[in-house]
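Chains as they are written, first to last, in the numbering used here: chain P, 497 to 570; chain D, 1318 to 1573.
Here's the structure we're looking at; comments come further down.
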Amino acid sequence: METEAARYIGAGLASIALVGAGIGIGNIFGSYLSGALRNPSAAQGQYTNLLLGFALAEATGLFGLVMAFIILFV
Amino acid sequence: MATEQGAKEALMPNPMHQFEIKRLFNWELWGIDASFTNSALFMVLAVVLSSAFLIFTVRGKNIIPGRLQSTSELLYEFVRNMVRDSTGPKGEKYFPFIFSLFVFILVINMLGMLRLGHYSFTPTSHIIVTFALAALVFVGVTLIGFWKHGIGYLKLFAPSGVPWFMMPIIVPIEIISYISRPVSLSVRLFANMMVGHTLLKVFGGFVGVMGIYGIGPILLMIPFTALEILVAFLQAFVFAVLTSIYLNDALNMHDH
């Protein structure tokens, strides 16, 4: 198999890591929403934790996307 | 082959070209290449811009701030509250460091979102820059821990309340998770910045090859660029928050 074809296949496989990122982010925002709908006054206090959790969950998925880009372009 | 490559480049530019480091002034110091690069230019620009903004807006020193002064005060209080929540009263004297770190990374990320054609560059989209910042934080926090608690800092790896037969499993895991802190800190910032800019270039490249339907990617780029601006701010914030949490681990060890 030529390297070009193998690169595309490898990059595609590495991008599957973003599934985990999607599930994680959906989980965090879903929990925040269900908590905020039960206790709206406490929702504002946890806004910072929400953004922190979003960034941390996104980061793990992006580790996989970085590998995909390295395979594809380097 | 060459013309095909050239035609492909014109329609769909290689997204990795924006990360090239270009030398602006060649300068060699004792055999080490210490040229002033475009990466250094953007870092100097970030420092100059943020210092000028913070110095000139607080110049009036009004007790009741005007509009510009309250912008600086908002930024100051935001970081101050974050540091105080994470580290408690002992961490107050490390606040200037965390504030500088936060503003530096924030302004560099934001400057990278300016699309200046071929000249825009984000220093934090290079692993060496983010690794330097993360290594600085890691080494600093470890030294602070050892300085304050002596050899008792190693109790960090043996949390209280763990039965003795679990220790051989828990301690290596704790050590590995401690060592992975600078790695995750640097790769998180690097990955977010690099992937964000690469995706922007890739979606921009779609506009050229799609002809009349290029309006689709253009409309997609607008909310995506908004997301990238949010991510730029968020990653700077997460870097600062995690630094404060690691500092809290080092300073206040009785929570373990």
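Glycine included, each C-beta is placed from N, C-alpha and C at the ideal position.
Please read these numbers as outputs of a predicted model, since none were measured by experiment.
Contact with chain D by residue i, beta-carbon distance below 7 angstroms
| i | result |
| --- | --- |
| F559/P | yes |
| A510/P | no |
| A551/P | yes |
| A501/P | no |
| Y562/P | Note that residue 562/P is Val in the sequence shown, not Tyr. Yes, V562/P lies at the interface with chain D (some Cβ there is under 7 angstroms from its Cβ). |
| A507/P | no |
| L546/P | no |
| A555/P | yes |
is_contact[residue i, chain P] using C-beta, thresh 7 angstroms
| i | result |
| --- | --- |
| D1566/D | no |
| G1533/D | no |
| M1538/D | no |
| A1324/D | Legend: pLDDT at A1324/D = 48, less than 50; position of this residue unreliable, value from coordinates given subsequently. No, its Cβ sits nowhere closer than 7 angstroms to a Cβ of chain P. |
Residue interval of the alpha helix (DSSP H) (run including residue i)
| i | result |
| --- | --- |
| L1341/D | Careful: L1341/D lies outside any alpha helix (DSSP H), inside the beta strand (DSSP E) at R1340 to F1342. |
| L1544/D | I1532 to L1568 |
| I1461/D | I1444 to H1466 |
| P1485/D | M1484 to V1526 |
| E498/P | E498/P -> no alpha helix (DSSP H), and no H or E assigned at all. |
| Y1393/D | R1384 to T1404 |
| T1374/D | N1355 to T1374 |
| P1413/D | F1412 to M1430 |
| S1437/D | Looking at the DSSP string, S1437/D is not in any alpha helix (DSSP H), and its letter there is neither H nor E. |
| M1333/D | M1333/D -> no alpha helix (DSSP H), and no H or E assigned at all. |
| S537/P | P536 to A539 |
Distance between beta carbons of residue j and residue i, contact taken as under 8 angstroms
| i | j | result |
| --- | --- | --- |
| S1503/D | A1451/D | 4 angstroms |
| F565/P | T1515/D | 6 angstroms |
| V1375/D | S1389/D | 5 angstroms |
| N1426/D | Q1552/D | 7 angstroms |
| A555/P | A1357/D | Not confirmed; about 27 angstroms, so no contact. |
Other residues of its chain near residue i: CB distance less than 8 angstroms, five sequence neighbours each side excluded
| i | result |
| --- | --- |
| L546/P | I524, F525 and Y528 |
| A510/P | G560, L561, M563, A564 and I567 |
| L1362/D | L1428 |
| Y1436/D | N1355 |
Own chain partners of residue i with C-beta closer than 7 angstroms, once the 5 adjacent residues on each side are dropped
| i | result |
| --- | --- |
| V1524/D | G1531, P1534 and I1535 |
| H1573/D | Because the pLDDT of H1573/D is 46, which lies under 50, any placement of that residue in the model is unreliable, and the question is left without a value. |
| R503/P | I567 and L568 |
| A532/P | A539 |
Residues near residue i by beta carbon distance below 6 angstroms, same chain, minus five either side
| i | result |
| --- | --- |
| F1574/D | The structure shown does not extend to residue 1574/D, since chain D spans only 1318 to 1573, so no value can be given for it. |
| G508/P | none |
| A1351/D | W1344 |
| V1519/D | P1332 |
Any chain A beta carbon closer than 7 angstroms to residue i
| i | result |
| --- | --- |
| F525/P | The structure shown contains no chain A; the protein chains it does contain are P and D. |
Proximity test, residue i beta-carbon vs the ligand ATP heavy atom, cut-off 6 angstroms
| i | result |
| --- | --- |
| Q542/P | No copy of the ligand ATP occurs in the structure displayed, which carries no ligand at all. |
Interface residues of the stretch 1546-1558 of chain D facing chain P [CB-CB below 8 angstroms]: V1548, L1551, Q1552, F1554, V1555 and V1558
Contact residues within the stretch 1504-1521 of chain D, judged by C-beta distance below 7 angstroms to chain P: V1504, R1505, A1508, N1509, M1511, V1512 and T1515
Members of the stretch 1332-1352 of chain D near chain P, C-beta cut-off 7 angstroms: M1333
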